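Q: What follows is a single structure, and I will ask about it in a moment.
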Amino acid sequence: TGEPMVWELSKSIYGLKQSSACFWTAMDEHLRANGFKSVLGDPCLFRKVMSDGRVILAVTYVDDVTFAVSKEDDHAYFMSMLRSRFEIEDGEGKPIEFLLG
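The sequence shown begins at 1227 in the working numbering and counts up by one.
Structure, rendered in structure tokens:
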């Protein structure tokens, strides 16, 4: 018809300026829903203390998550919790040798 049209996206597209903000919001909501709390001094650092004192720390940066667990079993728990909401490629979630940041 030649009339200008505007499209509304139902989700963010990777690579757009707001994509990282949309990812962070989704991650924040998911972590909080699973018992994580952000640390007062840094809203991108999340902490969950289990009933027996074990701790899981997760740091978000743009569209990446780095996490540390105090017990090996918690690694599988954390990855399972993330996979319940996000698409994670095979090989992601493996131990890292160093972190520059």
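Even glycine gets a Cβ: it sits at the ideal position worked out from N, Cα and C.
A quick note: this is a predicted structure, and the numbers were derived from the prediction, not measured.
#1: From Phe1262 to Gly1228, what distance separates their C-alpha atoms?
#2: When you compare each of Val1295, Trp1250, Arg1280, Glu1298 to Thr1286 by their alpha carbons, which one comes out closest?
#3: Where do the N-terminal and C-terminal ends of the beta strand (DSSP E) with Leu1283 fall, by residue?
#4: How many angstroms separate the CA atom of Val1275 from the CA atom of Gln1244?
#5: Do Ser1306 and Arg1280 come within 7 Å of each other at the CB atom, strictly closer than that value?
#6: Following the continuous alpha helix (DSSP H) through Asp1254, name the residue where it begins and the one where it ends.
#7: Where does Phe1324 fall in DSSP's three states?
#8: Cutting at 8 Å between CB atoms, please list the residues of its own chain near Val1265, excluding the five before and the five after it.
#9: State the CB to CB distance for the pair Val1291 and Ala1302, rounded to an integer number of angstroms; the pair is presumed to be in contact (CB under 8 Å).
#10: Along the beta strand (DSSP E) that carries Leu1271, what are the first and last residues, could you check?
A: Reading from the atomic positions:
#1: Within the sequence shown, numbered from 1, the residue matching residue 1262 stands at position 36. Within the sequence shown, numbered from 1, the residue matching residue 1228 stands at position 2. So the two alpha carbons sit approximately 51 Å from each other.
#2: In the sequence shown, counting from the first residue as 1, residue 1286 sits at position 60. Checking every option, the nearest Cα to that of Thr1286 belongs to Trp1250.
#3: Start at 1 with the first residue of the sequence shown, and residue 1283 comes out as number 57. Per DSSP, Leu1283 belongs to the beta strand (DSSP E) from 1281 to 1287.
#4: Numbered from its first residue, the sequence shown carries residue 1275 at position 49. Numbered from its first residue, the sequence shown carries residue 1244 at position 18. If you take the alpha carbons of Val1275 and Gln1244, they lie about 31 Å apart.
#5: Within the sequence shown, residue 1280 is the residue found at index 54, counting from 1. Within the sequence shown, residue 1306 is the residue found at index 80, counting from 1. Their beta carbons are not under 7 Å apart, which means Arg1280 does not touch Ser1306 by this criterion.
#6: Counting from one through the sequence shown, the residue named residue 1254 turns up at place 28. Residues 1245 to 1259.
#7: The sequence position of residue 1324 within the sequence shown is 98, counting from 1. It is coil, neither helix nor strand.
#8: Numbered from 1 along the sequence shown, position 39 holds the residue referred to as residue 1265. Counting only Cβ-Cβ distances below 8 Å, and skipping sequence neighbours, we find Leu1271, Phe1272, Arg1273.
#9: Numbered from its first residue, the sequence shown carries residue 1291 at position 65. Numbered from its first residue, the sequence shown carries residue 1302 at position 76. About 15 Å separates the two Cβ atoms, so there is no contact after all.
#10: Counted from its first residue, the sequence shown places residue 1271 at position 45. Where Leu1271 is concerned, the enclosing beta strand (DSSP E) stretches over 1268 to 1275.
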